[in-house]
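These notes are about the structure you will find just below.
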Amino acid sequence: MKSILATLALVTVALSGCATTEPTRFYLLSAGANPALEANSPKKSDLTVVIDPIRLPEYLNRSQIVTRVSDNELQLGQQDRWAESLERTFTRILAQNLEGLLFCRCVSALAPRLPPGITHRVEVDVIRMDGILGQKVFLDIRWSVSTPEKKLLLSRKSSFVELVKGSGYEAFVRAQSAALFDFSREVAKAILELQSMEAPDRKETVRSR
């Protein structure tokens, strides 16, 4: 009888050990280096940019971080998750990046109150945002810039590949943040080019008055 009880105790301990799971880890995207802060520049911009609601493919609408095993197989990080919805963290970091790059005010269209004097709207449709752990991340985006009245000014498709410097999810998310910063720089450059083209038109309008 004692031997049976001892065996049962060992089995119970073994089963409880098997049932122990790893703690869940949570991650956020991070903003890139802010040139305004680095240069301690007082420069200000009269730009006010609104980011319209981000569109994500359905496979990214989940809390688990998605990685790719092959072209046809995805893997969900059961213990490695986003600390907030990917749409929210993507929008927030894109806004922070643009504020730093353009020295402007940038807000989400989902904000409770939009600021006055909006100059540009940015629309983002994420096509792909995944990658292979320890190797590369991929970010494919279709995006556009329009006037406050949503008159289209430009529309583009951009692709970014970033090397992952590390084997875990933290390095993977860091690489995704770098890819998002590269995208932010492309958007900022486009808005500045649009602004430079719009400036002569505004001057001509003032003269005609």
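First residue of the sequence shown? That's 205 in this note's numbering, and the numbers climb one at a time after it.
Ideal placement from N, C-alpha and C gives every residue a C-beta, glycine not left out.
By the 10 Å Cβ neighbour count, where 16 or more other Cβ atoms means buried, how is residue 301 classified, buried or exposed?
Per the 10 Å Cβ criterion, buried.
By the three-class DSSP mapping on this structure, what secondary structure does residue 355 have?
Of the three classes helix, strand and coil, the one that applies to residue 355 here is coil, per DSSP.
Buried or exposed, going by whether 16 or more other CB atoms sit within 10 Å of the CB of residue 380?
The residue is buried, with at least 16 neighbouring Cβ atoms inside 10 Å.
Could you tell me which uninterrupted beta strand (DSSP E) segments, each at least 3 residues in length, are contained entirely in the region 274-345, listed from first to last along the chain?
You should have 278-286, 309-312, 324-336.
Which of the three DSSP states is assigned to residue 249 in this structure?
Coil, per DSSP.
In chain order, what residues of the same chain have a beta carbon less than 6 Å from the beta carbon of residue 343, not counting five sequence neighbours either side?
Here the set comprises 333, 364, 383.
Is the shortest distance between the beta-carbon of residue 375 and the beta-carbons of chain B less than 8 Å?
Note that chain B does not occur in the displayed structure, where there is just one protein chain.
What separation, rounded to the nearest whole angstrom, lies between the Cα atoms of residue 354 and residue 371?
If you take the alpha carbons of residue 354 and residue 371, they lie about 43 Å apart.
Hey, could you find the ends of the beta strand (DSSP E) residue 225 is sitting in?
Residue 225 -> no beta strand (DSSP E), and no H or E assigned at all.
Quick one: residues in its chain with C-beta nearer than 8 Å to the C-beta of residue 285, no 5 flanking neighbours on either side, listed in chain order?
Excluding sequence neighbours, residue 285 sits near 228, 229, 230, 231, 267, 268, 269.
Using 8 Å as the threshold, is the C-beta distance between residue 327 and residue 256 below it?
Yes; because the gap between Cβ atoms is below 8 Å, this pair is in contact.
If we count the other Cβ atoms within 10 Å of its Cβ and call it buried at 16 or more, is residue 278 buried or exposed?
Exposed, by the Cβ-count rule.
Give the single residue among 347, 274, 235 whose Cα lies nearest to the Cα of residue 304.
Nearest C-alpha to residue 304: 235.
Just to confirm the assignment, what range does the beta strand (DSSP E) spanning residue 269 have?
Where residue 269 is concerned, the enclosing beta strand (DSSP E) stretches over 268-272.
For residue 299, which residues in the same chain have their Cβ closer than 7 Å to its Cβ, ignoring the five residues on either side in sequence?
The residues are 255, 310, 311, 312.
Closest to residue 225 by CA distance: which of 283, 373, 306, 296 is it?
Among 283, 373, 306, 296, the Cα nearest to that of residue 225 belongs to 283.
With a CB to CB cut of under 7 Å and the five nearest residues on each side skipped, what residues in its chain are close to residue 417?
An answer regarding residue 417 cannot be provided, because it is not within the stretch 205 to 413 covered by the chain.
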